[in-house]
Each structure stands twice: as C-alpha cells, then as structure tokens.
Amino acid sequence: MTDPVITPEIVASHGLKPDEWERLLGIIGREPTFTELGIFSAMWNEHCSYKSSKKWLRTLPTTGPQVICGPGENAGVVDIGDGQAVIFKMESHNHPSYIEPYQGAATGVGGILRDVFTMGARPIAAMNALSFGEPSHPKTKQLVKGVVEGVGGYGNAFGVPTVGGEVRFHRSYNGNCLVNAFAAGLADADKIFYSVASGVGMPVVYLGAKTGRDGVGGATMASAEFDETIEEKRPTVQVGDPFTEKRLLEACLELMASGAVISIQDMGAAGLTCSAVEMGDKGGLGIKLQLDQVPQREANMTAYEMMLSESQERMLMVLKPELEDVARAIFVKWDLDFAIVGETIAEDRFLIMHGNEIKADLPLSKLSSSAPEYDRPWVESPRPEPLPPLPRIGALEALRSLLSSPSYAQKAWVYEQYDAQVLADTIRKPGLGAGVVRVHGTKKALAFTSDVTPRYVKANPFEGGKQAVAEAYRNLTAVGALPLATTDNLNFGNPEKPEIMGQLVGALKGIGAACIALDMPIVSGNVSLYNETDGKGILPTPTIGAVGLLADAATLIGGLPQTGDRAVVIGRTLGHLGQSALLAEAFGIEAGDPPPVDLVAEKRNGDFIRAHGAAFHACTDLSDGGLGLAAFEMAEGAGLGLTLVMADVATLFGEDQARYLVSVAPDALPALKAAAEAAGVALADVGSFGGDSVTLGDETAALAELSALYRGAFAQAVA
Amino acid sequence: MKAAVVTFPGSNCDRDLATAFEKMGFQVTRVWHKDSALPEGTDVVGLPGGFSFGDYLRCGAIAAQSPIAAAVQAHAARGGYVLGICNGFQVLTEMRLLPGALMRNAGLKFLCKTVTLKVATQDSPFTNAIPKGAEIQIPIAHHDGNYTIDAEGLKALQDQDRIAFTYAQNPNGATADIAGVLSANRRVLGMMPHPERVIEPEQGGTDGRGLFASLISGMALA
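From first to last, the protein sequence lines are chains A and B.
Residue numbering for the first sequence follows our numbering, starting at 1 and increasing by one per position.
Residue numbering for the second sequence follows our numbering, starting at 1 and increasing by one per position.
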C-alpha cells in the first residue's frame with residue numbers, strides 16, 4: 001500500500017500548526033514520511049506533550065519526604081510506611097466519552113488502571129469524577145446512563161472497588177461532558193517498576209491484546225475542539241475489554257515478580273509510538289521496531305496505523321533476554337499475546353521497519369524533548385458579577401431546592417452500579433465523603449476523595465484552585481486520615497484564548513499554594529484542554545484527587561450520629577453566599593466572590609479534627625450546600641431527624657471554608673469545647689440529632705418527606 | 001477442614017473467598033482452572049465471584065467447561081461440599097450441579113448494595129448454625145442475579161426444602177425471591193450474595209460468618 005502524499009491539508013488534519021511543521025522540518029532536515037508525520041503529530045499534540053501547560057505545571061510542589069516518585073512516570077508513588085507505597089493518578093477521558101459514552105468511560109477506567117499496574121501495583125481503589133450538562137439537555141440522560149454503565153462495566157469486571165467520586169450537572173458541560181477516572185494501587189516501595197529502558201540489544205516485547213485500527217488518531221482528536229462533525233469521530237474511540245485487562249494485570253504482576261522486567265510502559269494515548277519513545281528517551285537509547293512482529297487483529301494494517309493505534313490492554317516491555325522463556329510461559333498461562341517486536345539500540349534513532357521498508361527513521365531523543373512549548377498569553381480572570389440583593393427564601397424551601405437537584409441529591413443510582421466492595425477491604429463505602437479501604441493484611445487503611453467546585457474556579461481561579469485542594473484535605477481529614485498527596489486532572493477550554501489560559505494559570509497558582517500549605521504535594525496528573533464546543537468553554541474544572549493514610553484503621557471516623565447527639569460545627573461560620581449552591585439551584589444566580597480559603601485555618605482545624613476523632617460519632621466536611629445540606633445528609637444516612645437552632649439562610653447554607661460538622665455525645669461536648677478553645681479553633685453547638693423530623697429554626701418538615709425527595713431526585717432528573 | 005478455591009481467568013473474588021475461609025479456620029489451597037485435580041483431602045470447593053472468561057458468551061458457561069470442572073463434578077458426586085458465590089453460582093448452574101439459571105437483573109443494571117436475606121432452611125451444612133427465618137445483611141454485586149427456574153423445578157426446590165436463602169426485598173426479579181439454592185444432597189450451595197465480604201466488623205457487618213461457621217460445625221459432625 002502506498003502512503004498518501006503529504007499536503008498542507010494532511011499536515012493540518014494532523015493538528016500541526018504551520019510553525020510546528022517548520023519546526024519538524026528543521027529537526028529532521030527533510031520532508032517526513034507519512035508514518036513519521038503521524039508519529040510527530042502524536043508526540044506533539046497537547047494530550048501527550050503538555051505544550052500549553054508545561055510552563056505552569058513546573059511551578060507545582062511535587063516533592064516531600066513522603067514522595068517516592070512524582071510526576072513524569074505512569075503514576076505517582078507515595079510512601080505509606082512499612083516498606084509499602086500507594087501509586088495513583090487521575091486522568092480524563094472526556095472527548096471519547098461524549099462521542100461514545102459507554103466505551104469512552106470504560107476505556108478511561110481501563111487506561112488509568114493500566115497506569116497503576118504498569119508500575120507494579122495491584123489496583124485497590126478507583127473513583128470517578130463526572131460532569132454532565134443540564135439534565136434537560138437532550139444528550140444528558142444518554143450520557144449519564146452510558147458513562148455510569150461504562151465505568152461500572154469495566155471496573156466491576158476488572159475487580160477494583162469504586163469507592164468514591166463526584167457527579168455534577170451544569171449547562172457549560174452540555175456539549176462536552178467530563179469523565180475523570182482515578183485509580184490507586186499498592187506495591188512494595190522497593191519493587192516499583194519504571195519506564196526507563198537500559199542496556200543495548202535488549203528485546204522490546206509486546207504484551208496483551210492484539211493491535212487493531214481502533215483509536216487511530218485518538219490523542220489528536222482529544223486535543224481538538226468539538227463541532228457538529230463529532231459523529232464522524234466515533235471510530236477514533238477505542239473499545240475496552242476488561243477481561244483481557246484483568247489477565248494482563250495478573251500476568252504483569254507475575255512477570256514482575258519473576259525478575260525479568262527491565263522497563264515497562266503501557267500503551268495508552270498514541271499507543272506504540274508514545275510507549276516506545278518514552279522508554280528509549282528516558283534510557284538515552286534508540287529503539288528499533290519490526291512491525292511485522294506486532295500481533296494484529298486486522299489484515300493489511302499499515303505502519304502508520306500500527307504506530308498510532310490506541311487498541312486497549314497492551315503493554316510494551318524491555319526484558320532481560322535470559323529470562324525470555326520464563327516471561328513467555330507466564331503469558332501463555334494467561335492466554336495473552338507475547339511477541340518480540342524490536343530491540344534497544346545505541347544510536348539515537350527511532351527506526352520503524354515494516355517488511356523490508358524503513359517507514360520511519362527519526363532522532364528519538366528529539367521526539368519528546370523538542371516538542372513545542374508555549375508561553376501562551378493569558379489575562380487575569382475578571383471579577384465576578386457582584387451579588388445581587390437576595391430573594392427571600394425560607395430555610396426548608398432552601399433545603400428542598402438543594403435536595404431536589406441532581407447535583408446535590410443522593411447518588412445511589414450511580415454508585416450502586418459500581419462494585420464498591422470487591423477485594424473485601426472496603427471499610428467506608430461511597431455516598432458520604434471519602435471512601436476508605438484497608439491495606440490488605442495490615443492494620444493500615446487508605447482514604448480517597450476527589451473534589452473541585454467549578455463555579456468557584458470560574459469566579460476566581462486562584463481561590464477556586466485553593467478550595468479544590470482544601471476540600472480534598474477536609475474530606476480525608478473527616479474520616480480521620482492524614483492527607484498525603486494529590487493528583488490533579490485539569491479540565492479547561494481552549495488555551496489559545498487568553499481568558500481560558502488565565503483560568504489555568506490562576507487555578508494552578510491556587511492549587512500550588514494549597515498543596516504547599518497543607519503538605520499534599522502533586523505526584524501525578526493529567527491536562528485536558530480544548531473542552532469546548534462551538535467555541536463555548538466548560539466551567540474550569542481542575543479535579544483534585546487525593547489520598548490519605550490511617551496508620552491504624554481502628555481510628556477511622558466512619559460512624560453514624562446517634563439519637564441525642566449534639567450537632568457541632570468546627571470552624572468559623574460567616575455566612576458566605578457568593579457562588580453558593582443555594583443561589584445557583586434556588587435562583588439560578590452564579591454571582592459574587594467565591595468563599596475565600598484561609599489555608600492556615602484549614603490546617604489548624606484539620607489537625608484538630610484528626611486529634612479528636614475518637615470524640616466524634618460522625619464527621620463530615622462542610623462544602624457546597626453548607627451546614628444545612630451536610631447536616632441533613634448526616635442525619636438522613638442514619639435514619640434520624642435533625643434540629644438546627646438557626647433559621648437564617650446565610651448561616652445554614654453559606655459556604656465558608658475550613659469547617660466540619662461533627663456529631664458528639666452531649667457528655668463529650670464540654671471536653672471538646674475546652675480543647676477547641678485551647679487550640680484556637682472555633683466551635684459552635686448548633687443543634688441535635690434524633691426524632692423523625694427536620695427542624696431548621698422555627699420550620700419543621702417530616703424526615704420521610706425530605707428523604708424521599710433526596711433519594712428520588714437523581715433518578716427523576718436523569719434516569 | 002480443607003478448602004480449595006478455584007481461580008478462573010476473570011475471577012476477582014478468589015482472594016476474598018480464600019481470605020474468608022482462612023479467617024474462619026479453614027486451611028486453603030488455591031487451584032488454577034487448568035488444573036485437572038483438586039488437592040488431596042479437599043473438603044469444600046469454593047467457586048468465587050467475578051467475571052470468569054469475561055462473562056462473554058453466557059455467565060459461567062465457559063468456566064463450566066474448564067479442566068477443573070470435571071474434578072469439581074467428581075468431588076460433588078462423591079458427596080463433597082461445594083460453595084459457589086455470585087459468578088460461582090452461575091458456574092454451578094452451567095455445570096448442572098444446581099438447577100435453574102441466572103438471568104440479567106430485572107432492572108437491567110449492575111447492582112451493588114447490602115440486602116436483607118432470610119434464611120429459608122436450617123437443614124443444610126451451610127445454614128445449620130443460623131436460626132431458620134433469621135434475617136442477615138449480606139452485600140450483593142451482580143448484573144446477572146435474576147434466578148430463573150420453571151414451575152416444576154421451583155416446586156421440586158420447595159418440596160425438598162432446597163431454597164437456602166431468599167431476599168426480603170427482591171432486588172433483581174429472582175423467581176420466588178430466591179437468593180441461594182441447594183443441591184438434592186444439600187452439599188452444593190449456590191448463592192448470589194457475598195458472605196465472604198462480611199466477616200469482620202470493619203467490613204460493615206459480620207453476618208457472613210454464620211455460613212462458614214455452619215460448614216465447619218457441619219463437617220465436624222459428618
């Protein structure tokens with residue numbers, strides 16, 4: 001088959017801008033072959049090269065005594081003591097999920113699981129942060145159904161418990177939903193596997209599923225805006241096979257234990273190209289591939305297609321040649337493909353052979369190191385509209401407006417479709433804050449959360465960025481865990497627009513500041529730009545995934561409030577309503593400054609909560625929806641009524657930060673008050689749990705009525 | 001007491017089941033589906049939950065043709081104990097060691113939640129230590145748990161007191177609320193809920209212990 005002649009149109013369809021094309025010609029000193037053009041396009045797209053964000057990502061804090069490996073590998077590695085490590089990352093699969101929701105979401109889960117077990121870790125927990133358009137938008141129901149089924153379909157079959165996540169709805173996601181998948185795994189700290197190749201003449205081995213034409217050009221697609229032609233892009237979405245992935249997991253872990261693996265990289269975005277270049281580049285080596293050896297699912301595949309295929313469930317490894325037979329036997333046991341497709345070479349070349357033809361011959365080290373990097377112009381985000389005079393609303397009416405919104409209603413419709421307990425170590429299930437799993441065979445446990453409030457980030461990227469980290473810190477703290485480290489999944493619009501770039505820059509500054517103040521370095525992450533449809537960007541959504549450690553699972557704060565318990569707020573309440581959930585849901589008002597985040601208070605109050613966990617029957621952080629919503633959720637989860645002394649809407653539903661709600665036995669309250677005073681922490685006794693009604697100030701409603709609303713609203717809106 | 005837990009490709013509750021057996025005092029050996037024999041002296045075979053062979057074709061159908069399946073059949077024919085949970089239950093119906101079939105949930109969705117089970121008979125080695133009529137809280141996690149059997153088959157199960165557990169509130173459309181059934185000799189149990197997930201208090205409950213405790217005391221008597 002003859003390759004197409006390279007024309008300016010073909011170059012443009014590969015997402016290369018004219019100046020990038022000139023740069024390419026300068027590097028290789030000649031016109032590229034068609035395959036070479038494909039390779040450059042894959043390496044230089046936004047998804048793989050981070051060319052718009054790199055300058056700002058470098059400013060993030062990525063080190064600390066707990067960090068074993070920060071960003072740059074497949075996932076971040078963090079010390080959890082006793083020679084063990086937690087390995088985690090979050091990654092988006094937004095565009096594929098909008099085009100084909102089930103497979104897009106499923107392969108998003110598959111990809112992030114592979115990132116984790118590529119490093120030698122057995123996945124022990126997953127989360128999913130989902131953002132959809134308005135429930136009334138014609139595509140929303142189908143997307144919710146498909147994405148949730150896809151997440152469950154893959155994770156459930158693979159056998160990883162999905163222990164947390166988020167689901168929100170906002171019109172800005174109407175044409176561009178967000179699917180952010182998180183996975184964490186467990187490994188011995190001295191048995192982590194990296195992608196750096198070493199040694200000349202070592203076999204490069206292909207493992208896993210066969211290569212097909214699915215996903216060719218997927219990474220380039222993911223780096224472009226959407227328009228009305230998206231239906232034509234359906235074939236660029238990959239198809240997931242969790243059964244193969246499960247076997248690949250078991251085979252890889254067995255292979256790693258055998259000592260045969262020198263380096264390993266999963267084939268994710270831009271498949272064979274990205275994985276081979278990464279291994280060679282990190283090891284200062286060249287790579288030669290003979291494509292005829294690649295296991296192929298379809299006949300007559302071209303070099304271009306094989307190099308750019310994003311077929312799932314594949315791995316590339318460099319193996320110790322003397323252990324090749326051991327390795328092959330393991331893959332035969334699991335009925336997986338195993339093929340030697342090339343070797344490491346001393347020259348700085350990426351040499352691709354197909355038959356007797358040289359299809360590509362490029363300086364390997366230049367492919368990633370010479371990727372363009374932009375210092376894109378940006379502008380400070382404008383101040384949000386000032387808060388208008390607030391319409392009058394009663395406290396219960398305000399609560400009902402939140403309970404009946406699918407963004408704030410109970411999400412059982414979603415999380416009951418995910419297996420939350422496989423591996424039998426889940427000790428806190430989804431539904432109320434962070435999920436917690438035991439570290440198998442130890443007394444330790446790990447807590448997981450994902451958080452961001454996109455309205456805040458839009459209104460003030462810096463404070464919004466800080467808030468996302470602070471909320472993650474609080475959710476981990478509220479279960480008694482010490483926050484350890486963070487992964488960021490940065491979803492923004494088109495970075496070529498200075499106002500969008502300004503959102504990214506502001507949010508990263510805020511995230512960085514909070515990660516430093518709260519000692520939660522960023523150890524991995526993912527950037528998803530061009531989340532726009534027909535020129536309209538999403539709300540800036542930097543999802544923060546975070547992990548915390550309970551040195552002793554017995555210190556988990558995971559209980560329920562008891563009848564007669566006092567409802568106590570830790571942290572200062574001022575009644576900040578700007579950008580609040582209440583204003584958005586009850587009145588459609590998205591105005592005012594978001595609540596400021598005092599990182600010193602966050603730290604102080606968080607330390608206080610962890611120190612006094614034994615005094616609480618239950619604990620939750622206060623975030624959007626404020627005290628009113630959090631107190632209702634806590635009571636409802638225990639089947640109890642609730643009395644809060646105040647009826648003031650700002651006090652009940654304001655979203656002041658650095659706050660927690662705890663339920664405390666009355667006789668434990670005096671000591672807690674004394675401790676709070678000594679620690680300089682604000683404490684307010686605001687009511688009690690018990691009975692079968694919900695009283696806010698002088699208004700009362702039956703718990704059963706509100707509970708029905710809370711439990712039914714999600715399915716009613718989107719199912 | 002010796003338990004053998006089988007791993008099929010795609011099994012994902014094999015470790016959980018082995019751990020539960022161990023915590024309840026069994027000596028556990030792990031068995032690979034390509035093995036053709038069970039370990040010497042196996043008392044009970046555990047067929048775990050998961051998605052054996054991806055649940056492609058039909059849940060449990062390919063696993064029922066594995067090399068180890070013949071050994072499990074022979075073990076059951078000799079009067080050995082077999083416990084199949086979730087996908088393991090599906091495998092047991094495909095092996096015809098238990099009657100009926102597991103169809104897609106009536107709601108067509110995967111469902112993971114803790115449900116209330118009624119212990120429908122005490123007359124089995126798996127339930128003899130749990131009072132009849134007792135209600136226990138056990139998690140389910142399945143897409144194809146809708147137990148289906150014809151009227152004649154149902155009558156036989158009822159007449160022979162072979163329904164081990166029923167759902168207090170049917171989550172999946174199962175015939176006669178059936179969550180678990182016994183073989184004619186009462187030594188093979190298949191059930192959709194996961195007792196191995198509720199062994200220790202931190203897991204949110206300990207109602208799974210009764211089944212394993214029954215098995216130990218029952219086997220001690222046998």
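Glycine residues also receive a C-beta, built at the ideal position from the N, C-alpha and C atoms.
Cβ neighbours of residue i in the same chain (closer than 7 Å, five flanking residues each side left out)
{"i": "B/N185", "result": "G79"}
{"i": "A/P561", "result": "H617, A618, M634, A635, A638, L640, S663, F689"}
{"i": "A/D361", "result": "R349, L351"}
{"i": "A/R23", "result": "P372"}
Residue i versus the options, residue with shortest Cα-Cα distance
{"i": "A/A459", "options": "A/P594, A/L432, A/E585", "result": "A/P594"}
{"i": "A/A713", "options": "A/S370, A/G104, A/R400, A/S131", "result": "A/R400"}
{"i": "A/W44", "options": "A/G111, A/P372, A/G259", "result": "A/P372"}
{"i": "A/G435", "options": "A/Q421, A/K443, A/T442, A/G441", "result": "A/Q421"}
{"i": "A/M493", "options": "A/S52, A/C274, A/C515, A/D3", "result": "For the sequence presented, residue 493 of chain A should be read as Gly rather than Met. Nearest C-alpha to A/G493: A/S52."}
{"i": "B/T121", "options": "B/T114, B/G25, B/I130", "result": "B/I130"}
{"i": "A/V239", "options": "A/L249, A/P391, A/M317, A/T211", "result": "A/T211"}
{"i": "A/N475", "options": "A/G268, A/A409, A/E166, A/V600", "result": "A/E166"}
{"i": "A/P382", "options": "A/G625, A/G76, A/G592", "result": "A/G592"}
Own chain partners of residue i with C-beta closer than 8 Å, once the 5 adjacent residues on each side are dropped
{"i": "B/T93", "result": "G60, P99, G100, A101, L102, G190"}
{"i": "A/K246", "result": "A157, F158, G159"}
{"i": "A/A398", "result": "L582, A586, G628, V649, L652, F653"}
{"i": "A/Y660", "result": "R474, T477, A478, V569, I570, G571, N605, I609, C619, T620, D621, L622"}
{"i": "A/F727", "result": "Residue 727 of chain A is absent from the model: chain A starts at 1 and stops at 719."}
CB contact flag (residue i, residue j, <8 Å)
{"i": "A/Q265", "j": "A/M279", "result": "yes"}
{"i": "B/E202", "j": "A/I427", "result": "yes"}
{"i": "A/L186", "j": "A/V261", "result": "no"}
{"i": "A/A412", "j": "A/G431", "result": "yes"}
{"i": "A/V196", "j": "A/G286", "result": "no"}
{"i": "B/D43", "j": "B/M95", "result": "no"}
{"i": "A/I358", "j": "A/A251", "result": "no"}
{"i": "A/D667", "j": "A/L574", "result": "no"}
{"i": "A/Y154", "j": "A/G110", "result": "yes"}
{"i": "A/P483", "j": "A/T63", "result": "no"}
{"i": "B/A71", "j": "B/L108", "result": "no"}
{"i": "A/H170", "j": "A/S136", "result": "no"}
{"i": "A/I538", "j": "A/N176", "result": "yes"}
Beta-carbon proximity list for residue i, same chain, < 6 Å, skipping 5 on both sides
{"i": "A/A702", "result": "S693"}
{"i": "A/E585", "result": "S401, L402, S405"}
{"i": "A/D685", "result": "R566, V568"}
{"i": "A/V200", "result": "T344, A346"}
{"i": "B/L47", "result": "V6, G84, G88, V91"}
{"i": "B/L182", "result": "S124, R162, A164, L189"}
{"i": "A/A183", "result": "I112, L113, V116, P123, A126"}
{"i": "A/L490", "result": "V527, P542"}
Residue i beta carbon near the ligand MG (any heavy atom closer than 7 Å)
{"i": "A/E602", "result": "Absence of the ligand MG is noted for the structure shown, with no ligands found whatsoever."}
Compile a chain-ordered list of the residues in the segment 328 to 339 of chain A whose CB is closer than 9 Å to at least one CB of chain B. K333, W334, D335
The segment 55 to 73 of chain B: positions lying closer than 9 Å to chain A by Cβ: D55, Y56
Which residues, in chain order, does the segment 137 to 167 of chain B contribute to contact with chain A at a C-beta distance below 7 Å? P139, A141
Please identify, using Cβ separations under 9 Å, the residues of the segment 415 to 432 of chain A that lie next to chain B, in order along the chain. Per Cβ criterion, the list reads Y415, E416, Q417, Y418, D419, A420, Q421, V422, L423, A424, D425, T426, I427, R428, K429.
Would you list, in chain order, the members of the segment 144 to 164 of chain A that have their beta-carbon closer than 8 Å to a beta-carbon of chain B? Listed by position along the chain: E149, G152, G153, N156, A157, F158, G159.
Which runs of the beta strand (DSSP E) spanning at least 3 residues fall entirely within the segment 135 to 220 of chain B, listed in chain order? 135 to 142, 146 to 148, 163 to 167, 178 to 182, 188 to 191
Output needed in chain order: residues of the segment 541 to 553 of chain A with a Cβ under 7 Å from some Cβ in chain B. A553
Complete beta strand (DSSP E) runs within the segment 20 to 54 of chain B (minimum length 3 residues, chain order): 27 to 32, 44 to 47
Beta carbons nearer than 9 Å to chain B: which residues of the segment 231 to 262 of chain A have them? D241, P242, F243, T244, K246, R247, E250
Please list, in chain order, the residues of the segment 104 to 115 of chain A that have any C-beta partner in chain B closer than 9 Å. Within the segment 104 to 115 of chain A, no residue has a Cβ that lies closer than 9 Å to any Cβ of chain B.
Restricting to runs no shorter than 3 residues, where is the beta strand (DSSP E) found entirely within the segment 422 to 457 of chain A? 426 to 428, 435 to 438, 445 to 451
When you check each C-beta in the segment 376 to 389 of chain A against every C-beta of chain B, which residues fall closer than 7 Å? Here the close residues number zero.
What are the uninterrupted segments assigned as beta strand (DSSP E) that are 3 or more residues long and contained completely in the segment 241 to 303 of chain A, given in chain order? 261 to 266, 286 to 290
Members of the segment 289 to 312 of chain A that neighbour chain B once the beta carbon cut-off is set at 9 Å: Answer in chain order: no residues at all.
Beta strand (DSSP E) runs wholly inside the segment 553 to 630 of chain A, at least 3 long, in chain order: 566 to 570, 618 to 621
Relative to chain A, which residues along the segment 197 to 211 of chain B have a C-beta separation below 8 Å, given in chain order? R197, I199, E202, Q203, G204
Beta strand (DSSP E) runs wholly inside the segment 624 to 669 of chain A, at least 3 long, in chain order: Taken in chain order, the complete beta strand (DSSP E) segments of 3 or more residues contained in the segment 624 to 669 of chain A are 642 to 644, 660 to 664.
Secondary structure, alpha helix (DSSP H): runs of 4+ residues fully inside the segment 328 to 399 of chain A: Listed in chain order, they are 364 to 369.
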